[in-house]
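Enquirer:
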Amino acid sequence: MAHKAAKENRTKLLLDEKDIPRRWYNIQADLKTPAPAVLHPGTGKPIGPQDLAPLFPMALIQQEVSRERWIAIPDEIRDVYRLWRPSPLYRARRLERVLDTPARIYYKYEGVSPAGSHKPNTAVAQAYYNRKERVARIATETGAGQWGSALAMACNFFGLQCKVYMVKVSYQQKPYRRVMMETWGAQVVPSPSPDTQAGKKVLQQDPDSPGSLGIAISEAVEDAATRDDTKYSLGSVLNHVLMHQTVIGLEAKKQLEKADDEADMVIGCAGGGSNFAGLSFPFAADKLAGRKKNLRIIAVEPSACPSLTKGKYVYDFGDTVGLTPLVKMHTLGHSFVPPPLHAGGLRYHGMAPLVSKLYDEGVIEAVAVPQVATFQAALQFARTEGIIPAPESAHAIRVVIDEALRCKAEDKKQTILFNLSGHGHFDLGAYDAFLTGRLQDYEYPAQKIDAALRGLPKVRG
Ligand SMILES: *Cc1c(COP(=O)(O)O)cnc(C)c1O
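Numbering (this note's numbering), first residue to last: 809 to 1269.
1) Does DSSP put Lys812 in a helix, a strand or coil?
2) For Trp992, is the classification buried or exposed, using 16 other Cβ atoms within 10 angstroms of its Cβ as the cut-off for buried?
3) Consult DSSP for Pro922 and reduce its assignment to one of helix, strand or coil.
4) For chain D, find out if any of its Cβ atoms is closer than 8 Å to the Cβ of Val972; answer yes or no.
5) Less than 8 Å between the C-beta atoms of Ile885 and Val932, yes or no?
6) So who's on the other strand from Asp1124, going by DSSP bridges?
7) For the putative contact between Ser925 and Ala1198, defined by C-beta atoms under 8 Å, what is the C-beta separation to the nearest angstrom?
8) Could you check how far apart the C-beta atoms of Pro1253 and Pro1147 are, in whole angstroms? I think they sit under 8 Å.
9) Answer with buried or exposed for Thr1038, where buried requires no fewer than 16 other C-beta atoms within 10 angstroms of its C-beta.
10) What runs of the beta strand (DSSP E), each 3 residues or longer, lie entirely inside the region 931–976?
11) Only counting runs of 3 or more residues, tell me where the beta strand (DSSP E) segments fall wholly within the region 1018–1069, in order along the chain.
12) Looking at C-alpha atoms only, which residue of Phe1234, Gln1248 and Tyr1250 is the closest neighbour of Ser978?
13) Between which two residues does the alpha helix (DSSP H) holding Lys916 run?
14) By alpha-carbon positions, which one of Lys1095, Cys963, Ala1033 and Glu1065 ends up nearest to Leu1131?
15) Just checking, does the region 936–952 make contact with the region 1102–1110 on the three C-beta pairs under 8 Å criterion?
16) Within the present structure, is the beta-carbon of Gln1179 separated from the nearest heavy atom of ligand 2 by less than 7 Å?
17) Going by C-alpha distance, which of Leu1247, Asn817, Val873 and Gly1237 is nearest Val1049?
18) Report the option in Pro1133, Ser1041, Glu1211 and Ala1260 whose CA atom is closest to the CA atom of Gly956.
19) Just curious, the beta strand (DSSP E) that Gln1184 is in, first and last residue?
20) Consult DSSP for Cys1215 and reduce its assignment to one of helix, strand or coil.
21) Between Gln954 and ligand 1, is the CB less than 7 Å from at least one heavy atom?
22) Pick out whichever of Thr930, Ala1092 and Ala1151 has its Cα sitting closest to the Cα of Ile835.
23) Do three or more CB pairs link the region 1222–1233 to the region 913–927 at distances below 8 Å?
24) If you run the structure through DSSP and keep just helix, strand and coil, what is Arg831?
25) Compute the minimum distance between the beta carbon of Ala1078 and the heavy atoms of ligand 1, and state whether it is under 7 Å.
26) Looking at Gly1007 and ligand 1, is the gap between the Cβ and the nearest heavy atom below 7 Å?
27) Within its chain, find whatever has a CB closer than 6 Å to the CB of Phe1226; leave out the 5 residues flanking it on each side and keep chain order.
28) Determine the extent of the alpha helix (DSSP H) in which Tyr984 is found, giving its start and end residues.
29) Where does Asn817 land, buried or exposed, given buried means 16+ other C-beta within 10 angstroms?
30) Can you tell which of Asp838, Arg939 and Thr1004 has its C-alpha closest to the C-alpha of Pro882?
31) If you count every other CB in all the chains shown that lies within 10 Å of the CB of Ala810, and 16 or more means buried, which is it?
32) Looking only at its own chain, which residues have a Cβ that is under 7 Å from the Cβ of Leu1087, when we skip the five neighbours before and after it?
33) Does Gly1263 come out as helix, strand or coil in the three-state DSSP assignment?
34) Check the C-beta distance from Val987 over to Ser1020 and give it rounded, since I have them as a contact under 8 Å.
35) When the Cα atoms are used, what is the spatial distance from Pro1015 to Ala1212?
36) Just to confirm before moving on: does the CB-CB distance between Ile1023 and Leu1140 stay below 8 Å?
Listed below in structure tokens is the structure:
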């Protein structure tokens, strides 16, 4: 027992570089039924690898549909991962004390990556496979700039050019993420831009258009589809992106073992679903195999953009314009434009198909939380643990605190694990709004969502 007690005293659970996972976990191997097919937007028929070849390198297309349980991580990728992986697992002792809870709270901190979030875990992998297939240039979109900066860094490491279409309001209001991307060598333009037909069309109709993620996706996809040297890259939602993020959960499992502990709850915020899946899928594997039936896995979304808790599980487009293939997912309708939440990374109309499927099957739960309560949780976390969380991550913290208080009320010693997906150093404007009482909750946009759901494409399935 002395040995166990000593271990349990630790605040930081660290792994060695040699413990960086050598394989990604592919949950598609363990699903009871295969994930629904992706459909061609024109024909409504399942698409094949060749349909995606103009946009993605073949290695990533194969990973997208693979049903192998483990996929080897190439040494070149592990080599870059070594700059910040294994990331630390913290025991949130100071938060536990303030909450006076019998629950044990742990967080996996992905803000230690150079870009400040979990996104480089997939950006590095995607840049590597593009480079390996002799792609010279990658086009992508970014909202607030988290994804763009992760990809800019990764492209720089592998000698690829990177063009980022950045939603114009963010480009104007949040210059620092743009400067980061440029520091790592990317070319950044405000979207809508005159560089693409899609952008030109929007600018003709509205020269002062503030842009949207949907427009930026259309521009990046057009850029990649019309140039031989260029492919497209996405920072969330797709199966291969979620798989690359499983390094988070694989490490966290080892770290909890080191602490002689086991998770009763695994919690993450969910926008497109990648950091949530990255932490939780390796734990969901145990549940799917019948080993941990009581494990609760909770995705947390904003109540103003509640794709899991209020959306429909149907086929929809991935973008606003309707250019992408149709995927079956929980969606609020592709034309739904979420309110201007400060958690920009959670403003997406849909949810990753794999996360949607697990929710539909009852393997995972979902909770929606409002913005002001989320920032209250962020402040409590910053004032106990020190780290200022990204507003996205703070959604997870809200539910962690609520669950820890429930444990207190019920006198239960449960173990809670959550993903602190990034730091909030570029989101201090949002903190300022909260601290000065200007941050508001948005009503659940019921009418706008109803309207968007009526515009869903008609597909059987
Ligand atoms: C982008 C982002 C998210 C949301 O994306 P997911 O794919 O849902 O993980 C969450 N947290 C941070 C810090 C982000 O940058």
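Note that the Cβ used here is the ideal one computed from N, Cα and C, for glycine as well.
Expert: Answer, in terms of the structure:
1) Below a pLDDT of 50, predicted positions are generally treated as unreliable, and Lys812, at 49, falls in that range; no measurement from the model is reported.
2) buried
3) coil
4) Protein chain content of the structure displayed is limited to a single chain, and chain D is not contained in it.
5) yes
6) Val1135
7) 7 Å
8) 6 Å
9) buried
10) 945–950 and 969–975
11) 1038–1040
12) Phe1234
13) Run containing Lys916: none in the alpha helix (DSSP H); it sits in the beta strand (DSSP E), Arg912 to Tyr917.
14) Ala1033
15) no
16) The ligand content of the structure shown is limited to ligand 1, which means ligand 2 is not among them.
17) Val873
18) Ser1041
19) It is not in any beta strand (DSSP E) - Gln1184 instead sits in the alpha helix (DSSP H) that spans Gln1179 to Glu1193.
20) helix
21) yes
22) Ala1092
23) yes
24) strand
25) yes
26) no
27) Tyr915, Ile1075, Ala1204 and Val1208
28) Pro983 to Thr991
29) exposed
30) Arg939
31) Summary for Ala810: the model assigns pLDDT 41, below 50, so the residue's position carries little reliability; its value from the coordinates is reported in the next sentence. Exposed, because fewer than 16 other Cβ atoms sit within 10 Å of the Cβ of Ala810.
32) Lys916, Ile1056, Gly1057, Ala1060, Val1074, Gly1076 and Asn1227
33) coil
34) The pair is not a contact, with the Cβ atoms about 22 Å apart (cut-off 8 Å).
35) 50 Å
36) no
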